[in-house]
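What follows is a short report on a single structure.
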Amino acid sequence: MYRREFTSAFLTFAASAAFGSVRAFAQTARPVVCTIVKDAWSGKTLLREGPCTDRYSPCSSFKFPIAVMGFDAGILTGPHSPAIQYLPEFENAYDPPTAHKDADPSVWLRDSIVWYSQQMTRKLGKERFASYVKQFRYGNEDVAGTSAEDGLTHAWLMNSLAISADEQVGFVSDFLNERLGVSSNAYRLTRETLPSYPGEGGWTIRGKSGSGWLRNEAGQIDKSRPQGWFVGWGERQGRTVAFARLQVGTEPSSTPGGTLARNFILQNLSTLANG
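Letter by letter, the sequence shown follows residues -26 to -1, 1 to 249 of mature numbering (1 follows the signal peptide of the UniProt record, and there is no 0).
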C-alpha cells in the first residue's frame, strides 16, 4: 500500500508587478503534495488528494501540449522528425550541458530538452501559440511572459503560465478522448512519441515530467522549494486512467522533482487506480 500524503497548508499565490508572473511563496514552508487519478473514459475520480485546485508552473510537463501543437501544425512530422542540429545560440538557463546535442521529437521528450521546445514555439509564432493554449483551456492560459523573459519561449518555465493538477488531468482526458480540436494525426503521433514506462502491477504508463522551483516574494527562484510534476495516463487490461502528481519540497534536492513525482506514479499507480 502506498502512504497517503496530505497537506494541511498550501502556498499562497501572488502576482508580482516587478516580475509579472504567477508565483507561489510560502508563508510557512511546508511540503505540498497532490495526486489525482481519473478513469479516462467515464471521468470518474478514483483518487484525489491534496490541493489539486492550486496552480503552479507546468515546467517541462508543458512539453506534452507543445507536442500536440507541433504535430497538429505540421512542424513535427513523426517520432524522429524533424531532427534538429544543436547550435550554440540555443543555450539557455534551464538546459544542463547534457542537453547540448542534436535532438528529434522522441529525444526531446525523453530527455526533456528546453531548447527544442523553444524552437517549436518560435516556429508556431506568438499568435498561434497563444491560440493553441486557449483552445486547450490550459490552466490560466497566460503566455504573456514577463519583461525579463519572452512568453513565447519561457511562459511555462516558472513564468506566467500556471496550471492545477485538476486542470492537468482535464487536459490529459481531453487528449485521450480527442476533444482538443486537433487532427487525428496529432493525437496518434503524440501518443507514439511520448515516453513510455513500465509501472508496477503490469501498467504501461505514458506521460511527461516537469521539474523546477517556486519563486520567492522577490521573484527569484528558491532552490529550497523544488517542485515536480508527472502528468499522463496508464493502461492495463483494457483500463485507461489519467493522472497528475504534483509535489513541492522544503529543502534542496539532488533529484529533480519531476523524477520523484514520476517514480511515485510508476510504483503506486496500481493502488491509486483502485481508489
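C-beta atoms are modelled at their ideal positions from N, C-alpha and C, and glycine is treated no differently. Predicted model, so just to flag it, every value in this text is computed and none were measured.
- If you compare the alpha carbons of Phe110, Ala247, Pro25 and Leu135 with that of Ile179, the shortest gap goes to Ala247.
- With a cutoff of 7 angstroms on beta-carbon distance, Ala235 and Trp203 are scored as near each other.
- Assignment of beta-bridge partners to Leu21 by DSSP yields Val11.
- Taking Arg22 as the centre and dropping the five residues before and after it, the same chain places the C-beta of Ile10 closer than 7 angstroms to its C-beta, in chain order.
- Note: Ile137 is bridge-paired with Tyr30 in the DSSP secondary-structure output.
- Scanning Glu209, Asp85, Ser31 and Pro53 for the CA closest to the CA of Leu135 turns up Ser31.
- Between Ser147 and Lys12 the beta-carbon gap is near 6 angstroms, inside 8 angstroms, which marks them as a contact.
- Boundaries for Leu220: no alpha helix (DSSP H) harbours it, while the beta strand (DSSP E) harbouring it runs Arg213 to Val222, taken from the DSSP string.
- In this structure, Asp69 lies near Trp89, with their beta-carbon atoms less than 7 angstroms apart.
- Going by beta carbons, Ala139 and Leu240 fall outside the 7 angstroms limit.
- Under the DSSP assignment, Tyr112 falls outside any beta strand (DSSP E); it carries neither an H nor an E label.
- Leaving aside the five residues that flank Thr164 on each side, the residues in its chain whose CB is nearer than 6 angstroms to its CB run, in chain order, Ala41, Val42 and Phe45.
- Under the DSSP definition of a beta bridge, Phe204 partners with Ser183 and Arg219.
- For the 7 angstroms CB-CB criterion, Gly181 and Val205 form a contact.
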